[in-house]
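Just below is one structure, and these are the notes that go with it.
In full-length UniProt numbering, the protein residues as written are 1 to 332.
In C-alpha coordinates:
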(Lines of atoms letter the chains of each structure in order from A and count residues from 1; the text may use other names and numbers.)
(Lines give C-alpha, C1' and ligand atoms only; values in the text may rest on other atoms or scores of the structure.)
Protein backbone atom coordinates (compact mmCIF):
# COMPACT_ATOMS: atom_id res chain seq x y z
CA UNK A 1 0.00 0.00 0.00
CA UNK A 2 1.70 3.19 -1.19
CA UNK A 3 0.85 6.57 0.28
CA UNK A 4 2.77 9.79 0.61
CA UNK A 5 3.63 11.38 3.92
CA UNK A 6 2.23 14.76 4.79
CA UNK A 7 5.48 16.90 4.78
CA UNK A 8 0.38 16.58 6.06
CA UNK A 9 -22.78 6.02 12.63
CA UNK A 10 -21.12 3.28 14.34
CA UNK A 11 -21.15 2.01 17.87
CA UNK A 12 -19.97 4.44 20.48
CA UNK A 13 -16.39 3.40 20.98
CA UNK A 14 -14.52 6.61 21.77
CA UNK A 15 -15.24 10.06 23.24
CA UNK A 16 -18.87 10.72 24.19
CA UNK A 17 -18.72 14.18 25.63
CA UNK A 18 -16.62 16.76 27.47
CA UNK A 19 -17.14 17.36 31.16
CA UNK A 20 -17.67 21.03 32.10
CA UNK A 21 -14.37 20.98 33.96
CA UNK A 22 -12.49 19.68 30.94
CA UNK A 23 -12.40 16.02 32.04
CA UNK A 24 -13.09 13.64 29.15
CA UNK A 25 -15.59 10.84 29.36
CA UNK A 26 -15.21 7.88 27.04
CA UNK A 27 -17.36 5.03 25.86
CA UNK A 28 -14.97 2.27 24.86
CA UNK A 29 -16.40 -1.13 23.98
CA UNK A 30 -19.59 -0.24 25.85
CA UNK A 31 -17.89 0.63 29.15
CA UNK A 32 -17.76 4.24 30.35
CA UNK A 33 -14.36 5.28 31.63
CA UNK A 34 -13.81 8.59 33.36
CA UNK A 35 -10.61 10.65 33.40
CA UNK A 36 -7.63 10.76 31.07
CA UNK A 37 -5.45 8.49 33.15
CA UNK A 38 -7.91 5.57 32.83
CA UNK A 39 -8.19 5.60 29.05
CA UNK A 40 -6.14 3.33 26.82
CA UNK A 41 -7.32 4.31 23.35
CA UNK A 42 -5.76 2.52 20.38
CA UNK A 43 -4.70 4.62 17.41
CA UNK A 44 -2.77 4.13 14.20
CA UNK A 45 -1.03 6.40 11.71
CA UNK A 46 -0.89 6.26 7.91
CA UNK A 47 1.67 8.81 6.72
CA UNK A 48 4.63 9.37 9.03
CA UNK A 49 5.26 13.01 8.18
CA UNK A 50 5.58 15.94 10.56
CA UNK A 51 1.90 16.22 11.50
CA UNK A 52 1.31 12.49 11.90
CA UNK A 53 4.43 12.02 13.99
CA UNK A 54 3.74 15.01 16.23
CA UNK A 55 0.13 13.99 16.87
CA UNK A 56 1.25 10.44 17.65
CA UNK A 57 3.78 11.75 20.17
CA UNK A 58 1.18 13.93 21.89
CA UNK A 59 -1.46 11.19 21.97
CA UNK A 60 0.98 8.71 23.46
CA UNK A 61 2.04 11.28 26.03
CA UNK A 62 -1.65 11.52 26.95
CA UNK A 63 -1.63 7.79 27.72
CA UNK A 64 -2.97 6.28 24.52
CA UNK A 65 -1.61 3.27 22.68
CA UNK A 66 -0.01 3.37 19.24
CA UNK A 67 -0.87 0.10 17.52
CA UNK A 68 0.92 0.76 14.23
CA UNK A 69 2.28 3.12 11.62
CA UNK A 70 2.39 2.83 7.84
CA UNK A 71 4.58 4.94 5.59
CA UNK A 72 5.68 4.73 1.98
CA UNK A 73 8.93 6.47 2.83
CA UNK A 74 11.46 4.33 4.69
CA UNK A 75 13.23 7.49 5.82
CA UNK A 76 10.05 8.93 7.31
CA UNK A 77 9.23 5.62 8.97
CA UNK A 78 12.68 5.38 10.55
CA UNK A 79 12.45 9.00 11.70
CA UNK A 80 9.04 8.24 13.22
CA UNK A 81 10.54 5.30 15.10
CA UNK A 82 13.29 7.46 16.60
CA UNK A 83 10.52 9.42 18.33
CA UNK A 84 8.10 6.58 19.04
CA UNK A 85 9.52 3.13 19.69
CA UNK A 86 6.59 0.75 19.33
CA UNK A 87 8.18 -2.64 18.89
CA UNK A 88 8.56 -4.69 15.74
CA UNK A 89 7.07 -3.30 12.55
CA UNK A 90 3.76 -4.99 11.78
CA UNK A 91 1.87 -5.18 8.49
CA UNK A 92 -0.96 -2.70 8.03
CA UNK A 93 -3.60 -5.42 7.79
CA UNK A 94 -2.49 -6.81 11.15
CA UNK A 95 -2.66 -3.67 13.28
CA UNK A 96 -5.33 -1.55 11.58
CA UNK A 97 -8.34 -3.54 12.90
CA UNK A 98 -7.06 -2.87 16.43
CA UNK A 99 -7.24 0.92 16.04
CA UNK A 100 -10.12 2.94 17.47
CA UNK A 101 -8.75 5.98 15.65
CA UNK A 102 -6.96 5.92 12.30
CA UNK A 103 -5.10 9.09 11.34
CA UNK A 104 -4.55 9.42 7.58
CA UNK A 105 -1.87 12.11 7.65
CA UNK A 106 -0.73 11.87 4.05
CA UNK A 107 -0.51 14.74 1.59
CA UNK A 108 -3.95 16.15 0.84
CA UNK A 109 -3.90 14.77 -2.69
CA UNK A 110 -3.36 11.21 -1.38
CA UNK A 111 -6.06 11.07 1.31
CA UNK A 112 -8.73 9.80 -1.08
CA UNK A 113 -6.41 7.19 -2.57
CA UNK A 114 -5.54 5.90 0.90
CA UNK A 115 -9.21 5.64 1.85
CA UNK A 116 -10.05 3.87 -1.42
CA UNK A 117 -7.38 1.24 -0.86
CA UNK A 118 -8.36 0.67 2.76
CA UNK A 119 -11.99 0.27 1.69
CA UNK A 120 -11.11 -2.05 -1.19
CA UNK A 121 -9.06 -4.27 1.10
CA UNK A 122 -11.66 -4.26 3.87
CA UNK A 123 -9.20 -2.74 6.34
CA UNK A 124 -11.47 -1.22 8.96
CA UNK A 125 -13.49 -2.20 11.99
CA UNK A 126 -17.01 -1.28 13.00
CA UNK A 127 -17.16 1.99 14.95
CA UNK A 128 -13.65 3.01 13.90
CA UNK A 129 -13.01 6.71 13.21
CA UNK A 130 -10.87 7.75 10.26
CA UNK A 131 -9.29 11.17 10.69
CA UNK A 132 -7.39 13.39 8.29
CA UNK A 133 -5.65 16.65 9.15
CA UNK A 134 -6.23 18.62 5.95
CA UNK A 135 -7.64 22.12 6.10
CA UNK A 136 -8.69 22.19 2.45
CA UNK A 137 -10.83 19.08 1.95
CA UNK A 138 -13.87 17.70 3.74
CA UNK A 139 -13.83 14.63 5.96
CA UNK A 140 -16.15 13.11 3.32
CA UNK A 141 -13.21 12.68 0.97
CA UNK A 142 -12.50 9.48 2.93
CA UNK A 143 -16.02 8.07 2.48
CA UNK A 144 -15.70 5.66 -0.42
CA UNK A 145 -18.56 3.35 0.62
CA UNK A 146 -21.55 4.91 2.39
CA UNK A 147 -22.42 1.56 3.95
CA UNK A 148 -19.16 1.24 5.88
CA UNK A 149 -19.95 1.35 9.64
CA UNK A 150 -17.22 3.87 10.44
CA UNK A 151 -16.96 7.58 11.23
CA UNK A 152 -15.13 10.25 9.24
CA UNK A 153 -13.54 13.25 10.91
CA UNK A 154 -11.20 16.09 10.03
CA UNK A 155 -8.92 17.84 12.54
CA UNK A 156 -6.87 20.63 10.99
CA UNK A 157 -4.12 22.24 13.11
CA UNK A 158 -4.03 25.93 12.21
CA UNK A 159 -0.29 26.19 12.61
CA UNK A 160 2.88 26.25 10.50
CA UNK A 161 4.95 23.20 11.41
CA UNK A 162 8.47 23.26 9.99
CA UNK A 163 9.73 20.23 11.94
CA UNK A 164 8.62 17.50 14.33
CA UNK A 165 10.15 18.95 17.51
CA UNK A 166 8.61 22.34 16.77
CA UNK A 167 5.23 20.75 16.00
CA UNK A 168 5.20 18.81 19.27
CA UNK A 169 5.97 22.02 21.14
CA UNK A 170 3.38 24.13 19.28
CA UNK A 171 0.40 21.74 19.29
CA UNK A 172 -0.72 22.83 22.79
CA UNK A 173 -2.42 26.17 22.24
CA UNK A 174 -2.90 25.60 18.50
CA UNK A 175 -6.38 26.21 17.09
CA UNK A 176 -7.92 23.18 15.34
CA UNK A 177 -10.68 23.24 12.73
CA UNK A 178 -13.08 20.33 13.27
CA UNK A 179 -15.76 18.86 11.02
CA UNK A 180 -17.17 15.40 10.45
CA UNK A 181 -19.51 12.71 11.75
CA UNK A 182 -18.52 12.85 15.40
CA UNK A 183 -17.39 16.34 16.30
CA UNK A 184 -17.57 15.32 19.97
CA UNK A 185 -14.72 12.92 19.30
CA UNK A 186 -12.81 15.73 17.63
CA UNK A 187 -13.42 18.03 20.59
CA UNK A 188 -12.11 15.37 22.95
CA UNK A 189 -8.98 14.68 20.91
CA UNK A 190 -8.14 18.36 20.45
CA UNK A 191 -8.65 18.99 24.17
CA UNK A 192 -6.32 16.10 24.98
CA UNK A 193 -3.72 17.54 22.64
CA UNK A 194 -3.98 20.86 24.46
CA UNK A 195 -5.47 22.56 21.41
CA UNK A 196 -8.37 24.97 20.94
CA UNK A 197 -11.26 23.51 18.88
CA UNK A 198 -13.40 25.32 16.31
CA UNK A 199 -16.23 23.81 14.30
CA UNK A 200 -16.00 24.26 10.53
CA UNK A 201 -18.53 24.18 7.71
CA UNK A 202 -17.09 21.51 5.39
CA UNK A 203 -18.39 23.32 2.31
CA UNK A 204 -16.46 26.46 3.27
CA UNK A 205 -13.14 24.76 4.01
CA UNK A 206 -11.46 25.99 0.82
CA UNK A 207 -12.03 29.61 1.94
CA UNK A 208 -10.95 28.80 5.49
CA UNK A 209 -7.77 27.17 4.19
CA UNK A 210 -7.12 30.03 1.77
CA UNK A 211 -7.24 32.41 4.73
CA UNK A 212 -4.69 30.26 6.53
CA UNK A 213 -2.44 30.25 3.46
CA UNK A 214 -2.60 34.04 3.19
CA UNK A 215 -1.77 34.48 6.88
CA UNK A 216 1.08 31.97 6.95
CA UNK A 217 2.53 31.09 3.55
CA UNK A 218 2.00 34.48 1.96
CA UNK A 219 3.48 36.15 5.02
CA UNK A 220 6.74 34.46 4.08
CA UNK A 221 6.25 35.73 0.52
CA UNK A 222 5.69 39.28 1.77
CA UNK A 223 8.88 39.09 3.80
CA UNK A 224 10.67 37.93 0.66
CA UNK A 225 9.40 41.01 -1.18
CA UNK A 226 10.42 43.28 1.69
CA UNK A 227 13.90 41.74 1.71
CA UNK A 228 14.17 42.39 -2.05
CA UNK A 229 13.34 46.06 -1.48
CA UNK A 230 15.96 46.27 1.27
CA UNK A 231 18.51 44.69 -1.06
CA UNK A 232 17.63 47.29 -3.71
CA UNK A 233 18.42 49.86 -1.03
CA UNK A 234 21.89 48.36 -0.49
CA UNK A 235 21.17 46.21 2.56
CA UNK A 236 22.31 42.57 2.54
CA UNK A 237 19.82 39.72 2.64
CA UNK A 238 20.85 38.68 6.14
CA UNK A 239 20.80 42.22 7.50
CA UNK A 240 17.41 42.80 5.90
CA UNK A 241 15.81 39.77 7.54
CA UNK A 242 17.39 40.55 10.91
CA UNK A 243 16.05 44.10 10.68
CA UNK A 244 12.56 43.13 9.53
CA UNK A 245 11.83 40.40 12.07
CA UNK A 246 11.50 42.77 15.07
CA UNK A 247 9.27 45.03 12.96
CA UNK A 248 7.03 42.08 12.09
CA UNK A 249 6.91 40.91 15.69
CA UNK A 250 5.82 44.41 16.69
CA UNK A 251 3.03 44.36 14.10
CA UNK A 252 1.86 40.95 15.31
CA UNK A 253 1.96 42.16 18.90
CA UNK A 254 -0.21 45.11 17.91
CA UNK A 255 -2.69 42.74 16.29
CA UNK A 256 -2.79 40.66 19.45
CA UNK A 257 -3.17 43.67 21.72
CA UNK A 258 -5.60 45.93 19.84
CA UNK A 259 -6.83 43.82 16.89
CA UNK A 260 -8.10 45.07 13.54
CA UNK A 261 -8.26 47.80 12.35
CA UNK A 262 -6.45 49.54 15.22
CA UNK A 263 -3.20 47.63 14.68
CA UNK A 264 -2.61 49.36 11.34
CA UNK A 265 0.22 51.92 11.36
CA UNK A 266 2.25 53.61 8.62
CA UNK A 267 1.64 56.06 5.79
CA UNK A 268 -1.77 54.76 4.70
CA UNK A 269 -3.05 54.83 8.27
CA UNK A 270 -1.83 58.44 8.51
CA UNK A 271 -3.01 59.45 5.02
CA UNK A 272 0.54 60.42 4.04
CA UNK A 273 0.20 60.63 0.26
CA UNK A 274 3.70 62.04 -0.33
CA UNK A 275 5.36 59.03 1.30
CA UNK A 276 3.31 56.60 -0.78
CA UNK A 277 4.09 58.51 -3.96
CA UNK A 278 7.79 58.37 -3.10
CA UNK A 279 7.59 54.61 -2.65
CA UNK A 280 5.99 54.17 -6.06
CA UNK A 281 8.53 56.41 -7.79
CA UNK A 282 11.32 54.06 -6.72
CA UNK A 283 9.42 50.76 -6.82
CA UNK A 284 10.88 47.91 -8.92
CA UNK A 285 8.53 47.08 -11.79
CA UNK A 286 7.99 43.48 -10.67
CA UNK A 287 6.90 44.46 -7.15
CA UNK A 288 4.97 47.60 -8.11
CA UNK A 289 1.58 45.96 -8.88
CA UNK A 290 1.78 43.84 -5.71
CA UNK A 291 2.48 46.94 -3.61
CA UNK A 292 -0.49 48.74 -5.15
CA UNK A 293 -2.87 45.78 -4.72
CA UNK A 294 -1.92 45.40 -1.06
CA UNK A 295 -2.29 49.15 -0.69
CA UNK A 296 -5.93 49.00 -1.82
CA UNK A 297 -6.80 46.51 0.91
CA UNK A 298 -4.75 48.49 3.41
CA UNK A 299 -6.71 51.61 2.46
CA UNK A 300 -9.94 49.84 3.41
CA UNK A 301 -8.49 48.96 6.80
CA UNK A 302 -7.25 52.52 7.23
CA UNK A 303 -10.72 53.87 6.47
CA UNK A 304 -12.25 51.56 9.09
CA UNK A 305 -9.68 52.69 11.65
CA UNK A 306 -10.45 56.33 10.90
CA UNK A 307 -14.18 55.73 11.32
CA UNK A 308 -13.69 53.76 14.52
CA UNK A 309 -11.70 56.66 15.95
CA UNK A 310 -14.40 59.14 14.95
CA UNK A 311 -12.63 60.57 11.91
CA UNK A 312 -12.18 60.07 8.18
CA UNK A 313 -9.67 60.68 5.44
CA UNK A 314 -9.95 64.07 3.80
CA UNK A 315 -11.80 63.52 0.52
CA UNK A 316 -8.86 64.57 -1.64
CA UNK A 317 -6.43 62.42 0.37
CA UNK A 318 -8.58 59.30 0.02
CA UNK A 319 -9.13 59.89 -3.69
CA UNK A 320 -5.43 60.37 -4.39
CA UNK A 321 -4.35 57.34 -2.37
CA UNK A 322 -7.02 55.23 -4.05
CA UNK A 323 -5.94 56.49 -7.48
CA UNK A 324 -2.29 55.69 -6.77
CA UNK A 325 -3.15 52.15 -5.70
CA UNK A 326 -5.60 51.39 -8.51
CA UNK A 327 -3.10 52.42 -11.17
CA UNK A 328 -1.07 49.40 -12.22
CA UNK A 329 -3.03 46.72 -10.32
CA UNK A 330 -4.38 45.39 -13.62
CA UNK A 331 -0.84 44.21 -14.35
CA UNK A 332 -1.13 41.50 -11.70
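All C-beta atoms, glycine included, are put in the ideal place defined by N, C-alpha and C.
Between residue 132 and residue 322, the alpha-carbon positions lie close to 44 Å from each other. Runs of the beta strand (DSSP E) lying entirely within the stretch 113 to 175, each at least 3 residues long, are 129 to 132 and 151 to 157 in chain order. As computed with DSSP, residue 180 is found in a beta bridge with 153. Excluding residues up to 5 positions away in sequence, 263 and 265 lie with their Cβ nearer than 8 Å to the Cβ of residue 251 in the same chain. Per DSSP, reduced to three states, the secondary structure at residue 236 is coil, with no helix or strand assignment. Taking the Cα positions, residue 284 is about 53 Å away from residue 68. Of all alpha-carbon atoms in 212, 47 and 109, the one lying nearest the alpha-carbon of residue 81 is that of 47.
Pairing residue 205 with residue 180 gives a Cβ-Cβ distance that is not under 9 Å.
Cβ-Cβ distances below 8 Å link residue 92 to 1, 46, 68, 70 and 123 in the same chain, with the five nearest sequence neighbours on each side left out; the list follows chain order.
Residue range 288 to 308 is occupied by the alpha helix (DSSP H) that includes residue 289, with no beta strand (DSSP E) assigned at that position. Residue 322: member of the alpha helix (DSSP H) spanning 315 to 326, first to last residue.
With a beta-carbon spacing of about 20 Å, residue 161 and residue 101 fall beyond the 8 Å limit used to define contacts. Each of 207, 281 and 99 was checked against the Cα of residue 137, and the nearest Cα belongs to 207.
For residue 197, no alpha helix (DSSP H) run applies; the uninterrupted beta strand (DSSP E) run containing it begins and ends at 196 to 199, by DSSP.
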